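Taking it in order: structure first as structure tokens, then the write-up.
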Amino acid sequence: MSTVNLNSNNCLKDNNSEDDSSSDSDNETHTMKNNEEVLFNPFNTSNQEITNANVQELLSKYGIVTKPFNIELYKRAFIHKSYTKRPKLENSMANVIIANKPDNCLPLKTKSNERLEFIGDGVLELITKYYLYKRFPKADEGFMTEKKIALVKNEHIGKVALEMGLNKYYVISRHAEEKNIRNNLKKLGCLFEAFIGAIFLDFNRISINDEYGWFANVFNCGPGLQMAQIFVENVFEKHVDWTNLINNDDNYKNKLQVIIQKEFKITPDYVELKTPKMDDDDDNDKLYVMGLYICFGQNIHNAKIANAHNYEQLGSFKAIHELLEKQDKLLVFLTKAEHKIKKKAEQIACDQAIRLIEK
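One point on numbering: in UniProt numbering, the residue at position 40 of the sequence shown is 40, and numbering is uninterrupted.
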């Protein structure tokens with residue numbers, strides 16, 4: 001499955017970015033013409049840095065009774081990139097001046113939580129798969145894959161992070177605060193992953209009594225994975241609505257892909273029909289418009305969108321098969337949808353396509 005976009009010449013080009021429609025990393029600076037100096041003021045009085053006692057309370061609530069060893073790891077897990085220092089050279093070249101830090105604000109940090117998020121994402125993925133494997137001993141691979149996706153998608157773990165109160169300690173810029181990033185489920189999902197990464201790294205540093213050197217010869221890391229597993233499994237038990245998770249499947253992209261693959265042995269393609277203009281005052285221009293297509297016999301990048309057959313007019317998969325008997329190359333338009341977040345637009349389009357196909 002690929003995502004492409006439509007350029008100004010109505011041609012297709014690669015577009016694999018999965019970012020939101022706008023960056024929240026640092027919009028405190030406003031572009032000025034004629035090389036005027038720009039004041040950068042990210043300082044946020046609402047920030048509350050997590051303490052050793054806070055971390056210990058969180059860990060013990062979810063099954064880890066051992067005290068944290070490196071509080072700095074956990075502090076970093078809560079640092080959003082909008083509250084980090086820019087390189088001096090970058091500031092100088094952009095004519096950016098840093099505002100003076102108010103006494104009641106935290107200093108800017110040198111590192112964000114992104115590296116911890118990276119490792120935490122992998123740890124969470126493994127723990128979740130093993131948890132599902134144990135919880136559903138008779139389930140097939142397809143069921144477990146669907147539930148894994150539902151469990152670890154950012155919006156879901158972000159909701160869990162919000163329920164846990166992790167957002168209280170999120171260190172974000174003033175502008176990010178104004179954009180309500182503190183309660184943004186997608187961003188909180190990233191925060192949760194970073195916290196798992198901190199647990200994994202922190203407890204990997206525990207020394208184990210290894211008289212004969214057996215652990216040293218067998219394992220390349222400490223018990224961080226096991227500690228993270230205890231934490232995550234307890235979080236799942238306390239915060240996941242399993243009845244809803246099992247009975248509902250809102251991963252429309254996955255559902256549509258299964259339908260199309262079963263029928264045609266290919267995957268659908270997404271085409272960015274319209275890119276948001278973030279400097280426009282019209283909110284309608286700040287939306288992604290994503291088109292959903294089935295492309296046969298050619299790469300979607302070489303297809304001509306204007307020549308696509310409309311599925312609503314064809315009316316069935318049978319009609320598509322009949323066309324394929326007469327021609328090797330075929331492009332079928334299913335539907336399109338818009339949203340300020342590209343992935344959301346794709347999900348909405350998939351939901352619409354499923355309803356259209358099942359009519």
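Ideal Cβ placement from N, Cα and C applies to all residues, glycine included. Computed from a prediction, not measured in an experiment: that's the story for all the values here.
Assign residue 227 to buried or exposed, taking buried as 16 or more other Cβ atoms, counted over all protein chains shown, within 10 Å of its Cβ.
In the sequence shown, residue 227 corresponds to position 227, counting from 1. Counting Cβ neighbours within 10 Å, residue 227 comes out buried, since at least 16 surround it.
Taking the alpha-carbon of residue 247 as reference, which of 269, 261 and 143 has the nearest alpha-carbon?
For the purposes of this step, residue 247 is taken as the residue at position 247 of the sequence shown. Taking only the C-alpha atoms, the option nearest residue 247 is 143.
Apart from the five residues just before and just after residue 155, which ones in its own chain have a Cβ nearer than 7 Å to its Cβ?
On the sequence shown, position 155 is the one that residue 155 refers to. Excluding residues within five positions, the ones whose Cβ falls inside 7 Å are 185, 186 and 189.
Sorted by chain position, which residues of the same chain lie with C-beta nearer than 8 Å to residue 21's C-beta, five sequence neighbours on each side aside?
As a working mapping, residue 21 is identified with position 21 in the sequence shown. The predicted position of residue 21 is uncertain, since its pLDDT is 39 and thus under 50; no value can be drawn from it.
Between the Cα of residue 263 and the Cα atoms of 321, 332 and 86, which residue gives the shortest distance?
On the sequence shown, position 263 is the one that residue 263 refers to. Looking at the Cα atoms, 321 is the closest of the given residues.
Name the two residues that bound the continuous alpha helix (DSSP H) containing residue 409.
Since the first and last residues shown for the chain are 1 and 359, residue 409 lies out of range.
Any idea if residue 99 is buried or exposed, counting beta-carbon neighbours within 10 angstroms, 16 or more meaning buried?
The residue given as residue 99 occupies position 99 in the sequence shown. So residue 99 counts as exposed.
Considering only residues of the same chain and omitting the five flanking positions on each side of residue 85, which have a CB-CB separation below 8 Å?
As a working mapping, residue 85 is identified with position 85 in the sequence shown. The residues are 108, 109 and 110.
Alpha helix (DSSP H) segment containing residue 321, residue limits
In the sequence shown, the residue the question calls residue 321 occupies position 321. Residue 321 -> alpha helix (DSSP H) spans 317-324.
Residue 151 vs residue 240 beta-carbon contact at 8 Å:
Along the sequence shown, read from residue 1 onward, the residue named residue 151 stands at position 151. Along the sequence shown, read from residue 1 onward, the residue named residue 240 stands at position 240. Taking 8 Å as the Cβ cut-off, residue 151 and residue 240 qualify as a contacting pair.
contact_flag[the segment 108-128, the segment 74-81] where n(CB pairs < 8 Å) is 3 or more:
yes
Identify the continuous alpha helix (DSSP H) that holds residue 256 and give its terminal residues.
For this step, residue 256 is matched to residue 256 along the sequence shown. Where residue 256 is concerned, the enclosing alpha helix (DSSP H) stretches over 252-264.
Counting only the same chain and skipping the five closest in sequence on each side, list residues whose C-beta sits under 7 Å from that of residue 182.
Residue mapping note: residue 182 aligns to position 182 of the sequence shown, counting from 1. The answer, listed in chain order, is 167, 170 and 172.
For residue 265 and residue 314, what's the separation of their Cα atoms in angstroms?
For this step, residue 265 is matched to residue 265 along the sequence shown. For this step, residue 314 is matched to residue 314 along the sequence shown. Cα to Cα, residue 265 sits roughly 19 Å from residue 314.
Cβ contact check for the segment 33-47 and the segment 155-164: 3 or more pairs under 8 Å:
no
Do you know how far the Cα of residue 129 is from the Cα of residue 140?
To locate residue 140, count along the sequence shown from 1; it is residue 140. To locate residue 129, count along the sequence shown from 1; it is residue 129. Using only the alpha carbons, I get a separation of about 12 Å.
If you count every other CB in all the chains shown that lies within 10 Å of the CB of residue 194, and 16 or more means buried, which is it?
On the sequence shown, position 194 is the one that residue 194 refers to. When all chains shown are included, residue 194 counts as buried.
For residue 250, count neighbouring Cβ atoms within 10 angstroms of its own Cβ and tell me buried if that reaches 16, exposed if not.
As a position in the sequence shown, residue 250 is number 250, starting the count at 1. It is exposed - the Cβ of residue 250 has fewer than 16 other Cβ atoms within 10 Å.
Quick check: what's the CA-CA separation for residue 50 versus residue 75?
Taking the first residue of the sequence shown as position 1, residue 50 is located at position 50. Taking the first residue of the sequence shown as position 1, residue 75 is located at position 75. Using only the alpha carbons, I get a separation of about 6 Å.
Residues bridged to residue 294 [DSSP beta-bridge criterion]
For the purposes of this step, residue 294 is identified with residue 294 of the sequence shown, where counting begins at 1. Per DSSP, 332.
Please state the DSSP three-state secondary structure of residue 58.
Walking along the sequence shown from the start, residue 58 turns up at place 58. Residue state, collapsed to three classes: helix.
Taking the alpha helix (DSSP H) that residue 40 falls in, what are its first and last residues?
On the sequence shown, position 40 is the one that residue 40 refers to. Per DSSP, residue 40 belongs to no alpha helix (DSSP H); it is in the beta strand (DSSP E), 38-40.
Cutting at 6 Å between CB atoms, please list the residues of its own chain near residue 350, excluding the five before and the five after it.
Along the sequence shown, one-based indexing puts residue 350 at 350. The residues are 252, 253 and 256.
Spatial neighbours of residue 31 within its chain, please: C-beta separation below 8 Å, excluding the five flanking residues on both sides.
One-based indexing of the sequence shown puts residue 31 at position 31. Low per-residue confidence applies at residue 31: pLDDT is 44, beneath 50, and the placement is therefore not dependable enough to give any value.
CA-CA distance, residue 53 and residue 67?
Here the question's residue 53 lines up with position 53 in the sequence shown. Here the question's residue 67 lines up with position 67 in the sequence shown. Rounded to the nearest angstrom, the two C-alpha atoms are 9 Å apart.
Quick one, which of 145, 333, 205 and 105 has its alpha-carbon nearest residue 42's?
Your numbering for residue 42 matches position 42 in the sequence shown. The candidate whose alpha carbon is nearest that of residue 42 is 105.
List the whole-angstrom C-beta distance separating residue 123 from residue 225, where the pair is believed to meet the contact cut-off of C-beta under 8 Å.
Indexing the sequence shown from 1 puts residue 123 at position 123. Indexing the sequence shown from 1 puts residue 225 at position 225. Contact flag correct, Cβ pair sits at about 7 Å.
Helix, strand or coil at residue 34 [DSSP, three-state]:
Position 34 of the sequence shown, counted from the start, is the residue given in the question as residue 34. Since pLDDT at residue 34 reaches only 47, below the 50 mark, its modelled position is unreliable, and the value read off the structure follows with that caveat. Correct three-state label for residue 34: coil.
Does the separation of the CB atoms of residue 292 and residue 335 fall below 8 Å?
If you number the sequence shown from 1, residue 292 lands on position 292. If you number the sequence shown from 1, residue 335 lands on position 335. Contact: yes.
Is residue 337 helix, strand or coil by DSSP?
Counted from its first residue, the sequence shown places residue 337 at position 337. Strand, per DSSP.
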